[in-house]
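Structure record follows, encoded as structure tokens.
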Amino acid sequence: MGIESLDSQAQFKTDQWDREEGGTGISRVISNGDVIEKGGVNFSHVFGKSMPASATALRPELAGRAFQAMGVSLVIHPLNPHAPTSHANFRMFVAEKENEDSVWWFGGGYDLTPYYGNDEDCIHWHETAKVACDAFGENYYPQFKQQCDEYFYIKHRDEPRGIGGLFFDDFNELGFDNSFQFVQALANSYLLAYLPIVKKRRFLAFTDSQKEFQEYRRGRYAEFNLVYDRGTLFGLQSGVGRIESILMSLPPTVRWTYDWYPNPGSEEEKLYTHFLKPKEWV
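According to this note's numbering, the sequence shown holds residues -3 to 278 in order.
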């Protein structure tokens, strides 16, 4: 309801899917609105007989284990270039092996991808994330913020995807109940972080060239999701994901312009020189 309230023209369409082997899920997609050009919220609960390579690269001891994975993911691509794209994902994994204890952990976070940056928006985004983390320990925000900066990095472009936020994985250090409460608190803070930004930027005037720049930068978003994103790779490699739901996060229109560079002193250049530089926003 919070996301849908941004837009006066579009509403979510719900698609419930079920596979004979592999799991079930619900995909909710919104598109062609006056504010949201494309967005989606996915819930999935999938099963498999063996953890895929994307999940065991950093934890080889889990190779060969059966698994369950449950999560909620969402991405919002606003129509207006002055309103940033946002992404959030929160998930739980259980890896199982006969005659051995199950291994469980949480992961997820959220990040912001502006096209025309605004310091006020970046500060609000990170302040909201910090408040949510600090309730469980003042060490978590700087830790998860750094992990986000490192994770959402496009190596072949040598640049961040956006201005970061929170990212964590393999998290179980608070015990199940407290870890779950922590993840819920972070998930609940997402709308507090994102909705005020979109409400301020959604109806600002923009030019055709600004829309083209948004589409150009959306190409970076697509590149990261298809090359590096663990959730995308997990869904494709595990064989139990639903392709429409996996690729739901991709932007609706994208352009790749050959050998393009921003004009010196432009707002487009400022995105690279100021906003796409990891920094302490709070």
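Beta carbons are placed, not taken as given, at the ideal position from N, Cα and C, and that holds for glycine.
Note that the structure is a prediction, hence the values are computed from the model and not measured.
In DSSP terms, what residue i is bridged to
i           : result
residue 107 : 83 and 161
residue 33  : DSSP output for residue 33 lists no bridge partner at all.
residue 69  : 38 and 85
residue 99  : 91
residue 62  : 92
residue 74  : 32
Proximity below 8 Å, CB of residue i to CB of residue j
i           : j           : result
residue 86  : residue 68  : yes
residue 317 : residue 19  : What is shown of the chain runs -3 to 278, which leaves residue 317 out entirely.
residue 80  : residue 58  : no
residue 181 : residue 218 : no
residue 220 : residue 51  : no
residue 27  : residue 244 : no
residue 2   : residue 195 : yes
residue 63  : residue 90  : yes
residue 271 : residue 110 : yes
residue 251 : residue 208 : yes
residue 113 : residue 144 : no
residue 186 : residue 84  : yes
residue 150 : residue 226 : no
Presumed contact (8 Å Cβ cut-off) between residue i and residue j, rounded CB distance
i           : j           : result
residue 223 : residue 119 : That belief does not hold up - the Cβ atoms of residue 223 and residue 119 are roughly 30 Å apart, past 8 Å.
residue 247 : residue 73  : 5 Å
residue 156 : residue 258 : Not a contact, Cβ separation roughly 16 Å.
residue 103 : residue 173 : Not a contact, Cβ separation roughly 17 Å.
residue 189 : residue 125 : 6 Å
residue 163 : residue 140 : 6 Å
residue 285 : residue 168 : The first residue shown for the chain is -3 and the last is 278, placing residue 285 beyond what the model contains.
residue 92  : residue 61  : 6 Å
residue -2  : residue 191 : 6 Å
residue 193 : residue 121 : 7 Å
residue 9   : residue 25  : 5 Å
Assigned exposure category for residue i - 16 Cβ within 10 Å defines buried
i           : result
residue 214 : buried
residue 210 : buried
residue 152 : exposed
residue 15  : exposed
residue 138 : exposed
residue 6   : buried
residue 98  : exposed
residue 279 : Summary: the structure shown does not reach residue 279, with the chain confined to residues -3 through 278, and so no result is reported for it.
residue 242 : buried
residue 33  : buried
residue 48  : buried
residue 199 : exposed
residue 133 : exposed
residue 36  : buried
residue 117 : buried
residue 128 : buried
residue 147 : buried
residue 262 : exposed
residue 54  : exposed
Proximity test, residue i beta-carbon vs the ligand MN heavy atom, cut-off 7 Å
i          : result
residue 57 : Because no ligand of any kind appears in the structure shown, any question about the ligand MN cannot be addressed here.
TODO: Tell me the start and end of each unbroken alpha helix (DSSP H) in the stretch 135 to 180 that is at least 4 residues and wholly inside, in chain order.
DONE: With a minimum length of 4 residues, the continuous alpha helix (DSSP H) runs that stay inside the stretch 135 to 180 are 136 to 147.
Open item on the list: Quick check for students: name the residue ranges of the alpha helix (DSSP H) that lie wholly in the stretch 4 to 56, counting only runs of 4 or more.
Closed with: 49 to 52
Task: Continuous alpha helix (DSSP H) assignments of at least 4 residues falling wholly in the stretch 196 to 263 - done: 204 to 223, 226 to 234 and 239 to 242
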